[in-house]
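Every number in this note's numbering is 9 more than the matching position in the sequence shown, counting from 1.
By construction, the Cβ of each residue, glycine as well, lies at the ideal position given by its N, Cα and C atoms.
Written out below as structure tokens is the structure these notes cover.
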Amino acid sequence: MSFAILLLAFFLLLHLPPLRRLPALATPKDRAAVAAGLFFVGAGAMHFFMPARYEAMIPPQLPSPAFWVFLSGVLEVAGGLGLLLRRTRRLAALGLIALLLAILPANIHEAAANSASHVLPFPDWYFWLRIPFQLVYVAWVAWAGGLWRIKPRASLEAHG
10 MSFAILLLAF
20 FLLLHLPPLR
30 RLPALATPKD
40 RAAVAAGLFF
50 VGAGAMHFFM
60 PARYEAMIPP
70 QLPSPAFWVF
80 LSGVLEVAGG
90 LGLLLRRTRR
100 LAALGLIALL
110 LAILPANIHE
120 AAANSASHVL
130 PFPDWYFWLR
140 IPFQLVYVAW
150 VAWAGGLWRI
160 KPRASLEAHG
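Okay, here's the thing in structure tokens:
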């Protein structure tokens, strides 16, 4: 949830007039992709600055938690960078959606652990509330990456 607020803050910041005049930020979808790209680069980088905290989120059935933390960090950074460029955006979106679905068990494990191992300093209920936000991130990335088209209201009324 706090990550969703951060993503939305990036998106709104990119709507400032001087920024939205840049060719790379011309459309709301471009701004959504860049916001998500920055978000995932930052989220992935956190895996390298706080690896022990992320290792605690790895389900015990998986061997070598450090490997999974490193791999997911690299994939988040790569996907984030891919969203920044229009020509790699679609592929990056596919990869990030796969990653978001793959890390869902770790988020469920973290919520169910009900322990002090939480990466973020929030109460236990927060980690359960965080799980549905994975779907928000998937939808955001799918739209920003050009995998999901949202028709403008005017065209819906014209065809409705």
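Can you say whether ALA41 is buried or exposed, counting buried as having 16 or more other CB atoms within 10 angstroms of its CB? Under this definition ALA41 is a buried residue.
Taking C-alpha atoms, which residue in LEU21, LYS38, ALA52 and ALA115 lies nearest to TRP157? Comparing Cα positions, the closest option is LYS38.
Measuring straight from C-alpha to C-alpha, what distance separates ALA54 and ALA44? Going from the Cα of ALA54 to the Cα of ALA44 covers about 15 Å.
Within 10 angstroms of the Cβ of ALA35, are there 16 or more other Cβ atoms? Answer buried if so, exposed if not. ALA35 comes out exposed.
Contact set for LEU92: own chain, Cβ-Cβ below 6 Å, skip 5 residues either direction: Cβ within range, chain order: ALA42, ALA45, GLY46, ARG98 and ALA101.
Selected residue, minimal CA-CA separation from GLY113, among TRP137, ARG62, PRO132 and ARG96: The question names Gly, but residue 113 in the sequence shown is Leu. Closest option to LEU113, Cα to Cα, is TRP137.
Distance between beta carbons of HIS56 and SER73, contact taken as under 8 Å: Actually they do not touch by this definition, with Cβ atoms about 14 Å apart.
So what does DSSP say about TRP157, is it helix, strand or coil? In the displayed model, TRP157 falls within coil according to three-state DSSP, outside both helix and strand.
Can the beta-carbon of GLY104 be found less than 8 Å from the beta-carbon of LEU90? Cβ distance not < 8 Å, so GLY104 and LEU90 don't count as in contact.
Report the start-end ranges of each alpha helix (DSSP H) in the stretch 74-143 that is 4 residues or longer and not cut off at the edges. The qualifying runs are 74-93, 95-111 and 113-122.
Grouping DSSP H, G and I as helix and E and B as strand, with all else coil, what is ALA174? This structure cannot settle anything about residue 174, because the visible part of the chain is limited to 10 through 169.
Under three-state DSSP, which class holds PRO72? Residue state for PRO72 is assigned as coil, using DSSP reduced to three classes.
Does DSSP put ALA42 in a helix, in a strand, or in coil? ALA42 falls in the helix class under three-state DSSP.
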